[in-house]
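Take 16 as the starting number for the sequence shown in the working numbering and just add one per residue.
Note that beta-carbon positions come from the ideal geometry of N, C-alpha and C, so glycine has one too.
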Amino acid sequence: MATTKTLDDLFLDTLKDIYFAEKQVLKALPKMARAAQSEEGKAGFLQHRDETQGQIERLEQVFDILGKSARGKTCEAIQGILAEGEEIIEEFKGSPALDAGLISSAQAVEHYEIARYGTLIAWAKQLGLKDAVPLLEATLAEEEATDQKLTKLAEAQANTAGNTKAA
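(1) How is Q52 classed by DSSP in three states: helix, strand or coil?
(2) What are the start and end residues of the alpha helix (DSSP H) that includes P149?
(3) List the whole-angstrom C-beta distance separating L22 from L142, where the pair is believed to meet the contact cut-off of C-beta under 8 angstroms.
(4) Would you check if the distance between the CB atom of L41 and the CB atom of F60 is smaller than 9 angstroms?
(5) Taking the alpha helix (DSSP H) that T134 belongs to, which residues open and close that run?
(6) Comparing C-alpha positions only, which one of L144, A156, S119, T166 sits nearest to L190?
(7) Under 8 angstroms Cβ to Cβ from D162, same chain only, skipping five residues before and after it: list those, please.
(8) For K46 and T29, I'd like the C-alpha separation in whole angstroms.
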């Protein structure tokens, strides 16, 4: 007879998912920084790389709270989002629209992460994991701030630069 899965199981499963996702994002950010054409874009991706390292460390603390070893579970969603970003780098390399595409890809990642962290916070509260909540909330706040920075960068520069018509 199969054991019934609980919210505890779902929390751990989702924690493994976002841990895997953050590690994949950490690998992708330097590539995005190298591809970005604007100095602001390059700097933003590198700054978020440093933040992502801290986010991974906070996730490891949550695993510790649970008494579990920190390990990821393949996240098909983040792999798909990152693959789309790779496509944009290849297809738009050297074009004025590249940075707009990179920002769009980065925001897809941020929105995925924001959704995951919001869910994990709600579940942590439900499960009484009071020590995990502030760790997850700190990361959620960083992800939301990054999303806002990306929007400002897109609106101030990248979208306009990418809107040049071919002669």
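If we stick to the structure as given:
(1) Residue state for Q52 is assigned as coil, using DSSP reduced to three classes.
(2) Per DSSP, P149 belongs to the alpha helix (DSSP H) from 147-168.
(3) 6 angstroms
(4) For L41 and F60, no; Cβs fall outside 9 angstroms.
(5) 113-141
(6) What the structure shows of the chain is the stretch from 16 to 182, and residue 190 is not part of that stretch, so it cannot be assessed.
(7) Hits under 8 angstroms: Q122, E125, H126, I129.
(8) 26 angstroms
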